[in-house]
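S.K.: This is the structure I have questions about; it appears just below.
Written out as structure tokens, the structure reads:
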């Protein structure tokens with residue numbers, strides 16, 4: 185038989201203790217603060233990827249691995265020959281694959297990158313074949 189109205193009136197309504205309410209409020213505040221933190225992190229990432237003005241970030245200034253001047257390594261006028269460039273790379277203890285320090289050529293993540301002239305694994309600015317090609321063209 186379905187419950188009568190009298191029986192449903194006799195049921196007790198769930199009673200939430202103040203302790204339980206306080207715990208729930210604390211949990212909600214924790215969740216809200218974490219959501220705020222996530223929002224802030226996403227905004228920071230967005231600002232870093234687009235710049236503070238909302239524009240894409242400006243292209244980084246190219247620094248020569250040989251002399252640290254503001255030009256590409258291939259255009260270095262201080263270390264012109266491939267021999268002087270190899271020597272400078274050795275002195276600075278830089279990787280011939282990427283032009284950076286702190287790792288060996290075997291550990292380099294760019295070790296599969298090839299020279300544009302000879303297809304060997306080194307920076308194009310270090311190529312000895314490029315140097316011999318330019319000498320042949322200037323001698324003719």
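Residue numbers (the working numbering): 185 to 324. Just so it is clear, CB atoms sit at the ideal spot from N, CA and C, and this is done for glycine as well.
1) Three or more C-beta pairs under 8 Å: does that hold for the region 302-311 against the region 252-268?
2) I need the DSSP call for residue 264, collapsed to helix, strand or coil.
3) With H, G and I counted as helix, E and B as strand and the rest as coil, what does DSSP make of residue 249?
4) Round the Cβ separation of residue 250 and residue 277 to the nearest angstrom and send it over; I've been treating them as touching at under 8 Å.
5) Work out the CA separation of residue 275 and residue 305 for me, nearest whole Å.
6) Could you give the DSSP three-state label for residue 201: helix, strand or coil?
7) When the Cα atoms are used, what is the spatial distance from residue 295 to residue 263?
8) Output needed for residue 245: all residues of its chain with C-beta closer than 6 Å, excluding positions within five of it in sequence on either side, in chain order.
9) Helix, strand or coil, according to DSSP, for residue 306 in the structure here?
10) When the Cα atoms are used, what is the spatial distance from residue 227 to residue 213?
11) Under 8 Å, do residue 297 and residue 281 count as touching if we go by C-beta distance?
12) Helix or strand or just coil, what does DSSP make of residue 254?
M.R.: The structure says:
1) At 8 Å Cβ cutoff, the stretches touch.
2) For the purposes of this step, residue 264 is identified with residue 80 of the chain shown, where counting begins at 1. Under the three-state reduction of DSSP output, residue 264 falls in the coil class, being neither helix nor strand.
3) The residue labelled residue 249 in the question sits at position 65 within the chain shown. If DSSP states are grouped into helix, strand and coil, residue 249 belongs with coil.
4) Residue 250 sits at position 66 when you count from the first residue of the chain shown. Residue 277 sits at position 93 when you count from the first residue of the chain shown. 13 Å between Cβ atoms; not a contact.
5) Counting from one through the chain shown, the residue named residue 305 turns up at place 121. Counting from one through the chain shown, the residue named residue 275 turns up at place 91. Using only the alpha carbons, I get a separation of about 20 Å.
6) Residue numbering aside, residue 201 sits at position 17 when the chain shown is read from its first letter. In the structure shown, residue 201 falls within a coil segment according to DSSP collapsed to helix, strand and coil.
7) Reading the chain shown from its first residue, position 111 is the one you call residue 295. Reading the chain shown from its first residue, position 79 is the one you call residue 263. Residue 263 has its alpha-carbon roughly 23 Å from the corresponding atom of residue 295.
8) Start at 1 with the first residue of the chain shown, and residue 245 comes out as number 61. Only 254 meet the Cβ criterion.
9) Numbered from its first residue, the chain shown carries residue 306 at position 122. In the three-state reduction of the DSSP assignment, residue 306 falls in the coil class.
10) Mapped onto the chain shown, residue 227 falls at position 43. Mapped onto the chain shown, residue 213 falls at position 29. Each residue's alpha carbon lies about 21 Å from the other.
11) Numbered from 1 along the chain shown, position 113 holds the residue referred to as residue 297. Numbered from 1 along the chain shown, position 97 holds the residue referred to as residue 281. Yes, the Cβ-Cβ distance between residue 297 and residue 281 is below 8 Å.
12) As a working mapping, residue 254 is identified with position 70 in the chain shown. Note: residue 254 maps to coil in three-state DSSP.
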